[in-house]
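Enquirer: Structure provided below as structure tokens; questions to follow.
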Amino acid sequence: MTFAYSSKNKIFDFPMFKKKPRIPRSTQGEMPFVSHLIELRDRLLRALVAILVVLLGLVPFANDLYEWLSAPLLRYLPEGTSMIATEVASPFFAPFKLAIVTAVFIAMPVIIYQLWAFVAPGLYRNEKKLVYPLMVTSTILFYLGALFAYFAVFPLVFGFFTSVAPEGVEVATDISKYLDFVLKLFFAFGLAFEVPVATILLVAGGFTTPEDLASKRPYVIVSAFVIGMLLTPPDVISQTLLALPMWVLFELGLVFSRIYLSGKGAGKDKASGEEPEGSSEGNPPKEDYRYDPITEEEE
């Protein structure tokens with residue numbers, strides 16, 4: 001048996017004691033990365049199946065859905081007038097497009113759940129306590145924004161548009177143009193109602209504080225009207241109806257962000273006054289960590 005002394009490692013380099021070559025990190029992480037892709041594919045397929053199932057149930061009622069959606073406008077049209085279709089395929093594609101959007105809207109809880117099931121294993125416990133309620137809240141707020149647009153904004157906007165038509169002009173709205181118009185408003189108001197979630201995320205991430213945001217209130221109000229101008233049609237009513245809720249929701253976000261910080265501070269005070277688990281008898285306290293099979297101790 002031969003051996004050699006290695007001055008680099010300060011050990012006798014017996015063949016039986018030779019260290020195995022280190023597997024490159026990219027090779028070690030190949031299977032976990034592929035498994036993550038497979039998991040993502042499965043989650044996306046489940047969300048897609050949920051959308052398709054809801055869509056199949058809505059397709060027979062696509063025309064009824066469009067009739068319900070167009071009710072705020074039809075209510076203000078002059079007697080004897082109706083909406084029109086300027087393209088050959090519009091009577092089919094407009095209701096079908098609405099059915100697809102409605103299916104996504106209804107299946108949103110399933111989509112959010114699949115997203116959460118994919119992301120949750122990689123989060124710390126304290127991150128889960130923050131992210132999960134925000135995901136649920138953001139979904140509910142988006143629904144509330146869309147409902148606010150339908151029941152509060154649409155009647156005012158369409159009543160205004162039909163009342164200012166010049167003498168001799170008959171209002172006859174195309175069904176495809178109307179659908180694009182209302183979907184844009186749905187998206188704008190649903191997005192605007194996410195302001196409290198954005199405020200809490202900024203505060204929880206340490207990017208700002210409630211006091212700092214409160215000091216910038218005039219800029220927030222101006223920004224709300226600018227966003228209303230960009231996301232809504234060019235009329236004062238819809239812009240104002242979008243900007244005012246954004247301002248109110250911003251103030252609501254400040255309140256909840258202060259509650260979050262106060263609860264976080266109380267939790268820290270309580271934790272500092274208690275002996276950490278496992279700290280007795282010389283044992284180190286337990287830590288909240290995520291298991292990473294790829295990471296190994298570096299030399």
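The UniProt record's numbering applies: residue 1 is where the sequence shown begins, and numbers increase by one. Beta carbons are placed, not taken as given, at the ideal position from N, Cα and C, and that holds for glycine.
For a minimum of 4 consecutive residues, which ranges assigned as the alpha helix (DSSP H) are wholly contained in the segment 86 to 117?
Expert: The alpha helix (DSSP H) runs lying completely inside the segment 86 to 117 and spanning 4 residues or more are 90 to 106, given in chain order.
Enquirer: Which word fits residue 70, buried or exposed, when buried means at least 16 other C-beta atoms lie within 10 angstroms of its C-beta?
Expert: Working through the sequence shown from its first residue, we reach residue 70 at position 70. That one is buried.
Enquirer: Using C-beta distances below 7 angstroms, list every residue in its chain close to residue 209, excluding the 5 sequence neighbours before and after it, in chain order.
Expert: Within the sequence shown, the letter at position 209 stands for residue 209. Cβ neighbours of residue 209 beyond the five flanking positions: 203.
Enquirer: Specify the secondary structure class of residue 212 as computed by DSSP and reduced to three states.
Expert: Counting from one through the sequence shown, the residue named residue 212 turns up at place 212. Reduced to three states, the DSSP call for residue 212 is helix.
Enquirer: Any contact between the segment 114 to 132 and the segment 37 to 55? By contact I mean 3 or more CB pairs, one from each, below 8 angstroms.
Expert: yes
Enquirer: Please report how far the alpha carbon of residue 126 lies from the alpha carbon of residue 247, in whole angstroms.
Expert: Start at 1 with the first residue of the sequence shown, and residue 126 comes out as number 126. Start at 1 with the first residue of the sequence shown, and residue 247 comes out as number 247. So the alpha carbons of these two residues sit roughly 29 angstroms apart.
Enquirer: Mind checking who residue 84 pairs with in its DSSP beta bridge?
Expert: Start at 1 with the first residue of the sequence shown, and residue 84 comes out as number 84. According to DSSP, which records beta bridges pairwise, residue 84 is partnered with 174.
Enquirer: State the start and end residues of the unbroken alpha helix (DSSP H) segment that holds residue 64.
Expert: For the purposes of this step, residue 64 is identified with residue 64 of the sequence shown, where counting begins at 1. Residue 64: member of the alpha helix (DSSP H) spanning 62 to 74, first to last residue.
Enquirer: Could you round the C-beta distance between residue 98 and residue 191 to whole angstroms and report it? I think they count as a contact, below 8 angstroms.
Expert: Here residue 98 corresponds to residue number 98 of the sequence shown, with the count starting at 1. Here residue 191 corresponds to residue number 191 of the sequence shown, with the count starting at 1. That pair is no contact at about 19 angstroms.
Enquirer: Tell me which residue opens and which closes the alpha helix (DSSP H) that residue 160 is part of.
Expert: For the purposes of this step, residue 160 is taken as residue 160 along the sequence shown, with counting starting at 1. Segment 154 to 163, the alpha helix (DSSP H) holding residue 160.
Enquirer: Using DSSP with H/G/I as helix, E/B as strand and the rest coil, what is residue 251?
Expert: One-based indexing of the sequence shown puts residue 251 at position 251. Three-state DSSP puts residue 251 in a helix.
Enquirer: Quick one: is residue 230 near chain D, going by C-beta distance under 8 angstroms?
Expert: You won't find chain D in this structure, because it holds only one protein chain.
Enquirer: Apply the 10 Å Cβ neighbour rule to residue 214 and answer buried if 16 or more other Cβ atoms are within range, or exposed otherwise.
Expert: Here residue 214 refers to the residue found at position 214 of the sequence shown. Looking at its Cβ environment, which holds fewer than 16 other Cβ atoms inside 10 Å, residue 214 is exposed.
Enquirer: Closest to residue 110 by CA distance: which of 139, 172, 206 is it?
Expert: Working through the sequence shown from its first residue, we reach residue 110 at position 110. Ranking 139, 172, 206 by Cα distance to residue 110 puts 139 first.
Enquirer: So the alpha helix (DSSP H) residue 123 belongs to, where does it begin and stop?
Expert: As a working note, residue 123 is residue 123 in the sequence shown. Where residue 123 is concerned, there is no enclosing alpha helix (DSSP H), given that its DSSP letter is neither H nor E.
Enquirer: Can you tell me whether residue 124 is buried or exposed? The criterion is at least 16 other CB atoms within 10 Å of its CB, across all chains shown.
Expert: As a first step, residue 124 is located in the sequence shown; it is residue number 124 there, counting from the start. Exposed, by the Cβ-count rule.
Enquirer: How should residue 263 be labelled, buried or exposed, when 16 other C-beta atoms within 10 angstroms of its C-beta is the threshold for buried?
Expert: As a working mapping, residue 263 is identified with position 263 in the sequence shown. Flag for residue 263 reads exposed.
Enquirer: Have a look at residue 144 and residue 33 and give me their C-alpha separation to the nearest angstrom.
Expert: The count along the sequence shown starts at 1 and reaches residue 144 at position 144. The count along the sequence shown starts at 1 and reaches residue 33 at position 33. Going by the C-alpha atoms only, they are around 38 angstroms apart.
Enquirer: Among 55, 211, 135, which one has its Cα closest to the Cα of residue 255?
Expert: To locate residue 255, count along the sequence shown from 1; it is residue 255. When the alpha-carbon of residue 255 is set against those of 55, 211, 135, the nearest one is in 211.
Enquirer: Measure from the alpha carbon of residue 59 to the alpha carbon of each residue in 238, 96, 66, then state which is nearest.
Expert: To locate residue 59, count along the sequence shown from 1; it is residue 59. Closest by alpha carbon: 96.
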